[in-house]
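2 protein chains.
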Amino acid sequence: MDEYRGKQVLITGGLGFIGSNLAICLVKSGASVTICDSLEPTCGANSFNIDPVRSDVTVIEADACDIDRMRRLVRGKEYVFSLAGHVSHSESMTDPFSDLRMNTVAPLTVLEACRQENRDARIIYTGTRQCYGRSATLPLVETQPLNPVDVNGINKMAGERYHNVYWMAHGISTVSLRLVNTYGPRQLVKHSRQGFAGWFIRQAIDGEEILIYGDGQQLRDLNYVDDVVNALLLAGVGGTLNGECLNLGGAAPLTLEEFVRVLLKITGKGAFRFVPFPSEARSIDVGNAYSSFENFQSLTGWTPRISIEEGLARTVEYYRQYRAHYW
Amino acid sequence: MDEYRGKQVLITGGLGFIGSNLAICLVKSGASVTICDSLEPTCGANSFNIDPVRSDVTVIEADACDIDRMRRLVRGKEYVFSLAGHVSHSESMTDPFSDLRMNTVAPLTVLEACRQENRDARIIYTGTRQCYGRSATLPLVETQPLNPVDVNGINKMAGERYHNVYWMAHGISTVSLRLVNTYGPRQLVKHSRQGFAGWFIRQAIDGEEILIYGDGQQLRDLNYVDDVVNALLLAGVGGTLNGECLNLGGAAPLTLEEFVRVLLKITGKGAFRFVPFPSEARSIDVGNAYSSFENFQSLTGWTPRISIEEGLARTVEYYRQYRAHYW
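Structure follows, in structure tokens:
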């Protein structure tokens, strides 16, 4: 994408899953990339993630909640991808304050830093489908009420809304995307708390038995990380998108069982079994959930391009090759 | 209300406007009241507020964001009124982190304290009509989407949603009320940042010229504080209300000009003038806003009882008598 050539770009959480894939893509596009990451163990940072572009990016270890650091970091940046955050729904229920800090204070700090130092920056924020909670109607559309069912969903909703208010009240150019389940290379797979996709992939590679909660017929849409990176880049240059919170969505929803079956076919080993929901997981489960990305598509032309078969094949290959850095 | 007789009740923010009026009413109802207040200058605490019941309540100076203090304070309490917070929309735009702390960390701390120490407590939280933002339709109803237009509205929305999630996921009994403009004795009137009502009342008492932003035809519904206290008490004993976020609403909306005209008639002095909106105020103004309280009424029988004439007359009388403690 040529619009980023020569541009100064900051990525908070840039050593994490999506941030590092984005950084690699931006470097290839000719951008001048600064990564800011706190390396907090509860986030997804992995220094190996940026191995392909290590000599081409500036990495700053800094907490996105540190307003003084952030004020210095946003100066002169044309694009700020505000990705630092917590993604675990289950952890948000056991440690709600950490989730609150990383998903409200961090994005608010980035916004405040820009308000104070650089009002010309374009800020791209990653929200989540989880803000909708359980929905009686599907696919999820932006006009329906938000009813998050866990602390993470609430805090991400607040984080997203700050971006709307900073545009409306301060004229700071922002856009938020509500991501669905994202999978692909560079995701944290050390434990299961950052979503089922990465965890199932790891287990399948190890030939372990995957435990699917419930009957496995829960529908989800997923995106391969390259499609998400592409969406973020399109959102960034979509100058008419301001203050908007728009859905991404996968090509087509599939059940968890279908996802696992595709995965096991690729790894050629592993197995799966249905188990009852643990009560903590049940209480925050949203049932079927998939999003309409019609609005974002019509505004930017984005569409997911990588099929689940292709995406999982690439992911399995990546983790097999670089297993030592992720296991 | 006899249901509170002999009950252990905690009020966070209990030296503030609504909290102190609630405390006085609860003492009269025979409850054993503990007030927790941080006495932060940005909140509305005034030690004189509880003068009528000073010897009947326990006052603890503690920050509602202090989880260790809150864990100790919620032990043995049957009702927790979680009122500590910031109310200023304008201040939330200039100091968003303080608003975030008091309107998300504080109520979340109360909830966590109860989760850890006292899951049998009934928690009553005060949200705000402001979470709706600008609405194309009126009156505001609970089924419509929330679109807060300032940082305070976002944080109060998050605060309210935590109460829903703690009920759904942890079975902790909660209820939230979305308050409209509240006025009456014991409100902070030292400056104009806690809402127009208290500020206009002060100016009218002083015979000053009240500046109304815009053309003064903005519709608002207001509640006299005794009606709000009554609503909170009804919500507290409304055991079937769990996880709900319900609107309060005034008897009938009136324009800002009408409000001021009633007020000036009561004080017999003062004047008013229309002035253009300052840009900071314009950017977060919601236009006409008033709420339907049909749901809360049908569930609890609550209805606002004090007319604007009666409420303002009582308020003016109070501040004239105790001016020294508020000016």
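Line order of the protein sequences matches chains A and B. For the first sequence, my numbering assigns the number 1 to the initial residue and increments by one for each residue that follows. For the second sequence, my numbering assigns the number 1001 to the initial residue and increments by one for each residue that follows. Where a beta carbon is used, it is the ideal one built from N, C-alpha and C, also for glycine.
- Message: Using the three-state DSSP reduction, which class does residue 326/A fall into: helix, strand or coil?
- Response: In this structure, residue 326/A counts as coil in the three-state DSSP scheme.
- C-alpha distance - residue 326/A paired with residue 1295/B, whole-angstrom precision: So the two alpha carbons sit approximately 52 angstroms from each other.
- Message: Taking only three categories from DSSP, how would you classify residue 166/A?
- Response: Of the three classes helix, strand and coil, the one that applies to residue 166/A here is helix, per DSSP.
- Between the C-alpha atoms of residue 1006/B and residue 1303/B, what's the straight-line distance to the nearest angstrom? The C-alpha of residue 1303/B is placed about 26 angstroms away from the C-alpha of residue 1006/B.
- Query: Taking the Cβ atom as the reference point for each residue, do residue 291/A and residue 230/A lie within a distance shorter than 9 angstroms?
  - Reply: With respect to the 9 angstroms criterion, residue 291/A and residue 230/A are not classified as neighbours on the basis of their beta carbons.
- Message: One question on the structure: do residue 1239/B and residue 1122/B come within less than 9 angstroms of each other, judged by their Cβ atoms?
- Response: Here residue 1239/B is near residue 1122/B, since their CB atoms are less than 9 angstroms apart.
- Message: I'd like to check one pair, residue 38/A with residue 63/A: are the Cβ atoms closer than 9 angstroms?
- Response: Yes.
- Message: Please give the ranges of any beta strand (DSSP E) in the region 267-296 of chain A, keeping only runs that are unbroken, at least 3 residues long and fully inside the region.
- Response: With a minimum length of 3 residues, the continuous beta strand (DSSP E) runs that stay inside the region 267-296 of chain A are 271-275.
- Message: Please list the terminal residues of the continuous alpha helix (DSSP H) segment that includes residue 203/A.
- Response: 196-205 is the extent of the alpha helix (DSSP H) around residue 203/A.
- Query: Can you round the beta-carbon distance between residue 1183/B and residue 1132/B to whole angstroms, since I take them to be within the 8 angstroms contact cut?
  - Reply: Rounded to the nearest angstrom, the Cβ distance from residue 1183/B to residue 1132/B is 20 angstroms, too far for a contact under 8 angstroms.
- Just how far apart, CA to CA, sit residue 192/A and residue 199/A? Computed Cα separation, rounded: 5 angstroms.
- Task: Go ahead and label residue 13/A buried or exposed: buried means 16 or more other beta carbons lie within 10 angstroms of its beta carbon, across all protein chains shown.
- Result: Residue 13/A comes out buried.
- Cutoff 9 angstroms: residue 213/A Cβ touching any chain B Cβ: Residue 213/A does not count as touching chain B.
- C-beta neighbour in chain A for residue 1244/B, strict 9 angstroms: Not one chain A Cβ lies under 9 angstroms of residue 1244/B.
- Query: Just the Cα atoms here: how many angstroms apart are residue 1053/B and residue 1027/B?
  - Reply: Residue 1053/B and residue 1027/B: Cα-Cα distance of roughly 7 angstroms.
- Pairwise C-alpha distance: residue 1190/B and residue 1042/B: In this structure, the straight-line span from the alpha carbon of residue 1042/B to that of residue 1190/B is close to 11 angstroms.
- 9 angstroms Cβ cutoff, residue 247/A in contact with chain B: No, residue 247/A does not count as interfacial toward chain B.
- Item | Every unbroken alpha helix (DSSP H) inside the region 1234-1272 of chain B [4 residues or more] | Listed in chain order, the complete alpha helix (DSSP H) runs (minimum 4 residues) inside the region 1234-1272 of chain B are 1256-1267.
- Query: Using the beta-carbon of each residue, which ones in chain B are nearer than 9 angstroms to residue 285/A?
  - Reply: Residues of chain B passing the Cβ test: none, with the nearest at roughly 10 angstroms.
- Given that a residue counts as buried once 16 or more other Cβ atoms are within 10 Å of its Cβ, and exposed if not, what is residue 1195/B? Around the Cβ of residue 1195/B, a 10 Å sphere holds 16 or more other Cβ atoms; the residue is buried.
- Message: With distance defined between alpha-carbon atoms, name the residue in 249/A, 204/A, 301/A nearest to residue 234/A.
- Response: Taking only the C-alpha atoms, the option nearest residue 234/A is 301/A.
- Message: For residue 117/A, report the span of its alpha helix (DSSP H) as first-last.
- Response: Segment 106-117, the alpha helix (DSSP H) holding residue 117/A.
- Message: Could you compute how far the alpha carbon of residue 17/A sits from the alpha carbon of residue 1282/B?
- Response: Distance between the alpha carbons of residue 17/A and residue 1282/B: 40 angstroms.
- Message: I need the straight-line Cα distance from residue 1057/B to residue 80/A, nearest angstrom please.
- Response: A direct Cα-Cα distance of roughly 51 angstroms separates residue 1057/B from residue 80/A.
- Item | Proximal residues of chain A, C-beta to C-beta of residue 1012/B below 7 angstroms | Those within 7 angstroms of residue 1012/B in chain A number zero; the least Cβ separation is about 17 angstroms.
- Query: Would a C-beta distance cut-off of 9 angstroms place residue 36/A and residue 70/A closer than the cut-off?
  - Reply: With a cutoff of 9 angstroms on beta-carbon distance, residue 36/A and residue 70/A are scored as near each other.
- According to the neighbour-count rule (16 or more other Cβ atoms, all chains shown, within 10 Å of its Cβ), is residue 120/A buried or exposed? Exposed, because fewer than 16 other Cβ atoms sit within 10 Å of the Cβ of residue 120/A.
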